[in-house]
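Undergrad: Can you keep this structure in mind? I'll have questions shortly.
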Amino acid sequence: MDILRVLLDPPYGGAWNMAFDEALLEHAPLSGPTLRLYRWAMPTLSLGYFQRYEDRHHHQASLSCPVVRRPSGGGAILHDRELTYALVLPTEHHLASRPVALYSAVHQALVSALKAWNVSAEILWNETLCQGSTQGEDGGSSRPARAPPSQPARGEAHLSNADNLGLDLGRSLPPPFMCFARRSCGDVVVGPHKIAGSAQKRIKTGILQHGSILLGRSPFAPEFPGLADLLSRCIQVERLISDFVEEVGALLRLRPTSAEARSADIARAQELLTTKYRNGQWTMKIR
Amino acid sequence: MNPEELKFTPTHEWVHVNEADGGWVATVGLTQHAVAALTDLVFLELPKVGQQVQAAKPMGVVESIKAVSDIYSPVDGEVVEVNQAVVDQLNLLSQDPYGEGWLVKIKLSENKLPDGLLDYEGYQKQCAAESY
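Chains A and B, in that order, are what the protein sequence lines are.
Each residue of the first sequence is one higher than the one before, starting from 15 at the first, in the numbering used here.
Each residue of the second sequence is one higher than the one before, starting from 121 at the first, in the numbering used here.
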């Protein structure tokens, strides 16, 4: 059985976290399958690749937090009381060319890990709910305002399965700004609350899947309860990581093996840190 | 455009070359196979007119519900036209990937196609081998 390199990193700043994940992706053919788990040095807002920087101003609670743009897609995430994972697979892996299957496999791993804790997490499959959204408990303001007619709002060109179903699910509105206010098939939910979401970046030599698992409610995104709030008990993060890693390995048919960061990955991440992720042009590439 | 007359990259772009003003201009798009695999398309980012692009290097990005994917240039050259209609109406990509869904036109640096492009039959074999 091939190895799944597991990197358990201490908390770093947002720019480094993104730079290192991109370096892992670029080096996927050399490094092989890698799963990195980490927290963030300070509460940080990460934007999806195509999100407008200015839309962060519609999420008042996180305005004081630094912001970084991810290489992966999807909605904004407030990284505070949460666990982030970055899974990198080279093209040769059987799931690297099947993004939906990979997304589902990792989320199934999380559901299985939580099942051992008697947590009734499940994967969202209902087609109608998948295309919907929630504004969080406060009915709040995480959906960006619509752009004026002369400037089409990002997302208005959204072409979804709903077209095939003849459903009008409000897709003429842009999707909610925050990832955890969005609903997509494959999301992990506990009751009505989304507790994990993922997004990917694909290049010709590999795939990076970023994911976020909400551990607790953050004061910088108080509309989204985490596992601790929903279960009314503390979360043992180390045990969650251990169980999750084991389940991911089983589903990917890889043997999890603790690893250290490769010097080549660190060197490339340093370059990306300077040229891209600490560069305002990248963070504000879409204003 | 008839896909059987096109050339293809291993990364699922198609290319068709015409002669214009003594040079070669390539029309480039995403294949039907790629568009179907990407499913729910959300955003498309293409290079600007005048931008230099290199064969097998990223020239754009497409986002579906789950994934941001690079789009690779099949040729070396300069972008001379961008299909803004497809940026504004992503359904053109799925409705007519080999026609109205074209992405960019590139004036080739040299009047020849790079090695490594696939013909229709070779591309079909690659698609069959990939288990999307």
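Where is the CB? At the ideal position from N, CA and C, for every residue including glycine.
It should be emphasised that the depicted structure is a prediction, and the values quoted were computed from it without experimental measurement.
Give the secondary structure of B/Pro69 by DSSP, where H, G and I count as helix, E and B as strand, and everything else as coil.
TA: Examination of residue 69 of chain B is not possible in this model, given that chain B is present from 121 through 252 alone.
Undergrad: For B/Leu228, I'd like the list of residues in its chain whose CB is within less than 8 Å of its CB, leaving aside the five on either flank, ordered along the chain.
TA: For this step, residue 228 of chain B is matched to residue 108 along the second sequence. If we look at B/Leu228 and ignore the five residues flanking it on each side, its Cβ neighbours are Val137, Gly143, Trp144, Val145, Ala146, Val195, Asp196 and Gly197.
Undergrad: Among B/Ala157, B/Val188, B/Ala154 and B/Lys168, which has the Cα closest to the Cα of A/Leu9?
TA: Because chain A is modelled from 15 through 301, residue 9 of chain A falls outside the range shown and cannot be assessed.
Undergrad: Counting only the same chain and skipping the five closest in sequence on each side, list residues whose C-beta sits under 6 Å from that of A/Met56.
TA: By 1-based counting over the first sequence, the position of residue 56 of chain A is 42. For A/Met56, where only same-chain residues beyond five positions count, there are no Cβ hits under 6 Å.
Undergrad: Measure the C-alpha to C-alpha separation of A/Gln284 and A/Met32 and round it to an integer number of angstroms.
TA: Here residue 284 of chain A refers to the residue found at position 270 when the first sequence is read from its first residue. Here residue 32 of chain A refers to the residue found at position 18 when the first sequence is read from its first residue. Approximately 11 Å, taken between the alpha carbons.
Undergrad: Mapping DSSP to helix, strand and coil, what is A/Val133?
TA: Residue 133 of chain A sits at position 119 when you count from the first residue of the first sequence. Coil, per DSSP.
Undergrad: With 8 Å set as the bound, which would you pick, yes or no: does the beta-carbon of B/Phe163 sit closer than that to a beta-carbon of chain A?
TA: Taking the second sequence and counting its residues from 1, the one referred to as residue 163 of chain B is at position 43. By this cut-off, B/Phe163 is an interface position.
Undergrad: Closer than 9 Å, Cβ to any Cβ of chain A: which residues of the stretch 174-207 of chain B, in chain order?
TA: Listed by position, the residues of the stretch 174-207 of chain B near chain A (Cβ gap below 9 Å) are Ala176, Pro178, Val181, Glu183, Ser184, Ile185, Lys186, Ala187, Val188, Ser189, Asp190, Tyr192 and Val207.
Undergrad: Just the chain B side, please: which residues come within less than 8 Å of A/Tyr291 by C-beta, in chain order?
TA: The sequence position of residue 291 of chain A within the first sequence is 277, counting from 1. Here the premise fails: no neighbours, minimum Cβ distance about 16 Å.
Undergrad: Taking just the CA atoms, how far does B/Ile226 sit from A/Gly294?
TA: Taking the first residue of the first sequence as position 1, residue 294 of chain A is located at position 280. Taking the first residue of the second sequence as position 1, residue 226 of chain B is located at position 106. About 30 Å.
Undergrad: Just to make sure I have the definition right: I need the residues of chain A whose C-beta is within less than 8 Å of the C-beta of B/Leu131. Which are they?
TA: The count along the second sequence starts at 1 and reaches residue 131 of chain B at position 11. Going by the sequence as given, residue 131 of chain B is Thr instead of Leu. Correct list: Lys218.
Undergrad: Look at the Cβ atom of A/Ser212, then the Cβ atom of A/Val120, and state whether they are nearer than 8 Å.
TA: As a first step, residue 212 of chain A must be located in the first sequence, where it is residue number 198. As a first step, residue 120 of chain A must be located in the first sequence, where it is residue number 106. Cβ distance < 8 Å, so A/Ser212 and A/Val120 count as in contact.
Undergrad: Would you call the CB atoms of A/Pro47 and A/Val114 closer than 8 Å?
TA: Counting from 1 along the first sequence, the entry for residue 47 of chain A is found at position 33. Counting from 1 along the first sequence, the entry for residue 114 of chain A is found at position 100. Against a cut-off of 8 Å, the Cβ pair of A/Val114 and A/Pro47 comes out as no contact.
Undergrad: What are the start and end residues of the beta strand (DSSP E) that includes A/His73?
TA: Taking the first sequence and counting its residues from 1, the one referred to as residue 73 of chain A is at position 59. Unbroken run through A/His73: none, as it is neither H nor E.
Undergrad: So B/Thr129 is in the beta strand (DSSP E); what residue range does that whole segment cover?
TA: The residue you call residue 129 of chain B lines up with position 9 of the second sequence. No beta strand (DSSP E) holds B/Thr129; DSSP gives it neither H nor E.
Undergrad: Determine the DSSP secondary structure at A/His107, reduced to helix, strand or coil.
TA: Locating residue 107 of chain A in the first sequence gives position 93, where the first residue counts as 1. Here A/His107 sits in coil by DSSP.
Undergrad: For B/Ser184, which option in B/Ala175, B/Pro234 and B/Glu165 has the closest C-alpha, if you only look at C-alpha atoms?
TA: The residue labelled residue 184 of chain B in the question sits at position 64 within the second sequence. Nearest C-alpha to B/Ser184: B/Glu165.
Undergrad: Taking the CB atoms as reference points, tell me whether B/Lys186 and A/Gln214 lie closer together than 8 Å.
TA: On the second sequence, residue 186 of chain B is found 66 positions in, with the first residue counted as 1. On the first sequence, residue 214 of chain A is found 200 positions in, with the first residue counted as 1. Yes, Cβ-Cβ distance for B/Lys186 and A/Gln214 is below 8 Å.
Undergrad: Just verifying my parser: in three-state terms, what is the DSSP assignment at A/Ile17?
TA: Residue numbering aside, residue 17 of chain A sits at position 3 when the first sequence is read from its first letter. Here A/Ile17 sits in strand by DSSP.
Undergrad: In terms of alpha-carbon separation, which member of A/Leu222, A/Ala278, A/Met15 and A/Thr289 lies closest to A/Thr98?
TA: Reading the first sequence from its first residue, position 84 is the one you call residue 98 of chain A. Out of A/Leu222, A/Ala278, A/Met15 and A/Thr289, A/Leu222 has the C-alpha closest to the C-alpha of A/Thr98.
Undergrad: Residue range of the beta strand (DSSP E) that A/Ile227 falls in?
TA: Here residue 227 of chain A is taken as the residue at index 213 of the first sequence, counted from 1. Residues Gly220 to Leu228.
Undergrad: Determine the chain A residues that contact B/Glu230 at a beta-carbon separation under 7 Å, and present them in chain order.
TA: Sequence index remark: in the second sequence, residue 230 of chain B carries index 110 (1-based). Ordered by position in chain A, no residue passes the 7 Å Cβ test against B/Glu230, which lies about 23 Å from the chain.
Undergrad: Counting along the chain, where does the beta strand (DSSP E) carrying B/Asp190 start and finish?
TA: What you label residue 190 of chain B is simply residue 70 of the second sequence in a count that begins at 1. Element bounds for B/Asp190: Ala187 to Tyr192.
Undergrad: Taking 8 Å as the cut-off, decide whether the C-beta atoms of A/Leu81 and A/Arg66 are in contact.
TA: Residue 81 of chain A sits at position 67 when you count from the first residue of the first sequence. Residue 66 of chain A sits at position 52 when you count from the first residue of the first sequence. A small fix is needed here, since residue 81 of chain A is Val in this sequence, not Leu. Going by C-beta atoms, A/Val81 is not nearer than 8 Å to A/Arg66.
Undergrad: Can you tell me the Cβ-Cβ gap for A/Ala135 and A/Leu124, rounded? I've got them flagged as a contact below 8 Å.
TA: Counting from one through the first sequence, the residue named residue 135 of chain A turns up at place 121. Counting from one through the first sequence, the residue named residue 124 of chain A turns up at place 110. Right, the Cβ-Cβ distance comes to about 7 Å (below 8 Å), so this counts as a contact.
Undergrad: What whole-angstrom Cβ distance do A/Arg95 and A/Arg231 have, given they're in contact under 8 Å?
TA: Here residue 95 of chain A corresponds to residue number 81 of the first sequence, with the count starting at 1. Here residue 231 of chain A corresponds to residue number 217 of the first sequence, with the count starting at 1. Contact flag correct, Cβ pair sits at about 7 Å.
Undergrad: Does the Cβ-Cβ distance between A/Thr297 and A/Arg83 come in under 8 Å?
TA: Residue 297 of chain A sits at position 283 when you count from the first residue of the first sequence. Residue 83 of chain A sits at position 69 when you count from the first residue of the first sequence. It is a contact, given that the beta carbons lie within the stated cut-off.
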